[in-house]
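Under our numbering, the residue at position 83 of the sequence shown is numbered 98, and the numbers go up by one with no gaps.
All residues carry an ideal CB built from backbone N, CA and C; glycine is no exception.
All values derive from a computational prediction rather than experimental measurement.
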Amino acid sequence: MLVRLIYASYSTTDLSKQDIKHILRSSQKNNGEKRISGVLFYSDRYFLQCLEGERHAVNETYLRISLDPRHAKCVLIEYRAVPSRLFPRWAMEHVSFFGGMDNELILKYSETGVFQPFQFTPHQANAFLAEVATISEQLGQALERSKPKLQLEMD
Ligand SMILES: Cc1cc2nc3c(=O)[nH]c(=O)nc-3n(C[C@H](O)[C@H](O)[C@H](O)COP(=O)(O)O)c2cc1C
Numbered sequence: 016m017l018v019r020l021i022y023a024s025y026s027t028t029d030l031s032k033q034d035i036k037h038i039l040r041s042s043q044k045n046n047g048e049k050r051i052s053g054v055l056f057y058s059d060r061y062f063l064q065c066l067e068g069e070r071h072a073v074n075e076t077y078l079r080i081s082l083d084p085r086h087a088k089c090v091l092i093e094y095r096a097v098p099s100r101l102f103p104r105w106a107m108e109h110v111s112f113f114g115g116m117d118n119e120l121i122l123k124y125s126e127t128g129v130f131q132p133f134q135f136t137p138h139q140a141n142a143f144l145a146e147v148a149t150i151s152e153q154l155g156q157a158l159e160r161s162k163p164k165l166q167l168e169m170d
């Protein structure tokens, strides 16, 4: 059974880009092996993460993540069976909020314009993630388009 789990948490220290890279590296390796896909947001010390994949794999991964001392106050926002994945291309990708597009997206789902995932309802979290998935899909297509095409050489 395919499930999607969304949780929010708060980092125990102010993490650097390098710290996030370390988290991502082990996430991508482990998740890839377990066919888990998803996305990790980090802003103002808040995390919002979406994990999707086979039920036991997602449960085991979430239990392991929740014990990680690099963050605390894990709040489960949603856990449910889903018909399909939002992020089939990503074993785990970090999305940060710097560009105008991202800030617009945060503003759309918050009263203050500040990323506060603890305030997200399950419905908001899903709508937010669905928009991120659409953007990531467009980004993927743009990257595909910018790849040089293979030239067929014929005599
Ligand atoms: C916010 C956060 C998100 C994480 N996400 C994942 C994840 O998606 N998958 C994963 O395997 N580990 C994730 N981790 C790391 C795990 O807590 C744990 O350190 C790691 O899985 C241990 O595996 P390793 O021994 O292969 O490094 C995350 C940690 C934090 C703090």
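Original post:
Expressed to the nearest angstrom, what Euclidean distance is found between the alpha-carbon atoms of residue 62 and residue 26?
Top reply: Working through the sequence shown from its first residue, we reach residue 62 at position 47. Working through the sequence shown from its first residue, we reach residue 26 at position 11. Each residue's Cα considered, the two are about 7 Å apart.
Original post:
Which residues in the same chain have their Cβ closer than 6 Å to the Cβ of residue 78, if we skip the five residues on either side of it in sequence?
Top reply: As a first step, residue 78 is located in the sequence shown; it is residue number 63 there, counting from the start. For residue 78, where only same-chain residues beyond five positions count, there are no Cβ hits under 6 Å.
Original post:
Any idea which residues DSSP pairs residue 62 with across the strands?
Top reply: If you number the sequence shown from 1, residue 62 lands on position 47. BP columns for residue 62 point to 24, 57.
Subject >> Extent of the continuous alpha helix (DSSP H) run through residue 75 >> reply: Taking the sequence shown and counting its residues from 1, the one referred to as residue 75 is at position 60. It spans 70–81 - the alpha helix (DSSP H) in which residue 75 sits, taken as one unbroken run.
Original post:
Can we count residue 36 as close to ligand 1, meaning its CB is less than 7 Å from some heavy atom?
Top reply: Your numbering for residue 36 matches position 21 in the sequence shown. Residue 36: no, Cβ never under 7 Å from ligand 1.
**OP:** Over the uninterrupted beta strand (DSSP E) stretch that includes residue 101, give me the two end residues.
**Re:** Along the sequence shown, one-based indexing puts residue 101 at 86. Per DSSP, residue 101 belongs to no beta strand (DSSP E) and is neither H nor E.
Subject >> Any non-hydrogen atom of ligand 1 within 7 Å of residue 33 CB >> reply: Residue mapping note: residue 33 aligns to position 18 of the sequence shown, counting from 1. Answer for residue 33: no, Cβ out of range of ligand 1.
Original post:
Closer than 7 Å: is that where the CB of residue 46 sits relative to any heavy atom of ligand 1?
Top reply: The residue you call residue 46 lines up with position 31 of the sequence shown. Correct: residue 46 has its Cβ closer than 7 Å to ligand 1.
**OP:** Kindly indicate which residue of 23, 129, 18 has the alpha-carbon position closest to the one of residue 71.
**Re:** Translated into positions along the sequence shown, residue 71 becomes position 56. Of the listed residues, the one whose Cα sits closest to residue 71 is 18.
Original post:
Can you name the start and end residues of the alpha helix (DSSP H) that residue 48 belongs to?
Top reply: Counted from its first residue, the sequence shown places residue 48 at position 33. 32–49 is the extent of the alpha helix (DSSP H) around residue 48.
Original post:
From residue 89 to residue 67, what distance separates their C-alpha atoms?
Top reply: The residue given as residue 89 occupies position 74 in the sequence shown. The residue given as residue 67 occupies position 52 in the sequence shown. Cα to Cα, the separation comes out at about 17 Å.
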